[in-house]
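Residue numbers (this note's numbering): 1037 to 1264.
By construction, the Cβ of each residue, glycine as well, lies at the ideal position given by its N, Cα and C atoms.
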Amino acid sequence: MRPMPTDDINSRIAELEADNRRLRQLLDKRDAPGELRHRLRSTVAMLRTIIRKSASKRHSLDTYVGHLEDRLDALMRAQAIADEQGAIDFHKLLADELLHYQARDGERVTFAGPDLHLQARAGQVLALAVHELAVNAVEHGALGGDGTIDIRWSVAGAGPAPLLTFVWKETDTAPVAEPSHHGFGTEVLTRTLEYELKAKTDLAFEPDGLRCTIRFPLSERVDGSQAG
């Protein structure tokens, strides 16, 4: 497949960013409630990140568009389940994203963890992270064969920012090797989560499948139960 020329990448990004600028200007002009304006601007900022980071000289224009649409769809699925305050149910976020790849709770995937609601921005970032894990599982891991995924999360500690630990473990897959090329997915799981949530991510490429462990504090800007 022919890689996408740099001029095509820059042209497409310029068009999408122009749309984003017009949307931001529209939000500033409209008499929208402050919280709604904040949430929409946060979403626009996330869209801008996805648009830029999805571009790669390694891919064709069609591949770029396909990856971009898939990531935007994941973001929209998270938006669709937000409540009136913008909080996102973490279990539903996980279940909806895995169901998109025909992985149903109790069949190819299992979930275990306490009730958890996330602030809108945190939910969007985690939706992207889960999307990248799911795509990788389809292309290289458990969902590409007869494997399964065990997803667990727990909260430890008290005070204003207890620690959440999230574990994604794939089993019954072919031997997994660490990829030689780190793309958008790895950047989301490591740098983006660290920047947005102060998260620490460990990617372990074990003999029977990938284990991804993510830990981050449930601060006020992350924990949706503190919204309102």
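Answer with buried or exposed for residue i, where buried requires no fewer than 16 other C-beta atoms within 10 angstroms of its C-beta.
{"i": "T1146", "result": "exposed"}
{"i": "L1142", "result": "Looking at the sequence shown, residue 1142 is not Leu but Gly. Burial call: exposed."}
{"i": "G1260", "result": "buried"}
{"i": "Y1231", "result": "exposed"}
{"i": "R1227", "result": "exposed"}
{"i": "A1158", "result": "buried"}
{"i": "G1122", "result": "buried"}
Going by beta-carbon coordinates alone, are residue i and residue j separated by less than 8 Å?
{"i": "L1246", "j": "V1203", "result": "no"}
{"i": "A1235", "j": "R1251", "result": "yes"}
{"i": "N1172", "j": "G1221", "result": "yes"}
{"i": "E1120", "j": "H1167", "result": "no"}
{"i": "L1114", "j": "A1165", "result": "With the sequence shown as reference, residue 1114 is identified as Ala, and Leu is not the correct amino acid for it. Cβ distance not < 8 Å, so A1114 and A1165 don't count as in contact."}
{"i": "T1207", "j": "D1244", "result": "yes"}
Look up residue i in the DSSP assignment and give the residues it is bridged to.
{"i": "E1206", "result": "I1185"}
{"i": "F1241", "result": "L1246"}
{"i": "R1251", "result": "T1201 and K1236"}
{"i": "A1192", "result": "L1199"}
{"i": "I1124", "result": "L1154"}
{"i": "D1259", "result": "L1154"}
Quick check: the Cα distance between residue i and residue j, rounded to an integer number of angstroms?
{"i": "A1131", "j": "P1253", "result": "22 Å"}
{"i": "R1188", "j": "C1248", "result": "11 Å"}
{"i": "F1126", "j": "E1105", "result": "22 Å"}
{"i": "A1139", "j": "L1179", "result": "8 Å"}
{"i": "H1218", "j": "Y1100", "result": "16 Å"}
{"i": "P1267", "j": "H1176", "result": "The question about residue 1267 has no answer here: the residues shown for the chain are numbered 1037 through 1264."}
{"i": "L1210", "j": "A1116", "result": "The sequence shown places Ala at residue 1210, rather than the Leu named in the question. Looking at the two C-alpha atoms, the distance is approximately 35 Å."}
{"i": "A1004", "j": "L1200", "result": "Absent from the structure is residue 1004, since the part of the chain shown begins at 1037 and ends at 1264."}
{"i": "Q1155", "j": "I1124", "result": "6 Å"}
{"i": "A1170", "j": "S1190", "result": "20 Å"}
{"i": "I1185", "j": "A1192", "result": "23 Å"}
{"i": "K1128", "j": "Y1137", "result": "15 Å"}
{"i": "P1196", "j": "G1181", "result": "42 Å"}
Segments assigned alpha helix (DSSP H), at least 4 residues, entirely inside the segment 1132 to 1190: Unbroken alpha helix (DSSP H) stretches of 4 residues or longer found wholly inside the segment 1132 to 1190: 1156 to 1176, given in chain order.
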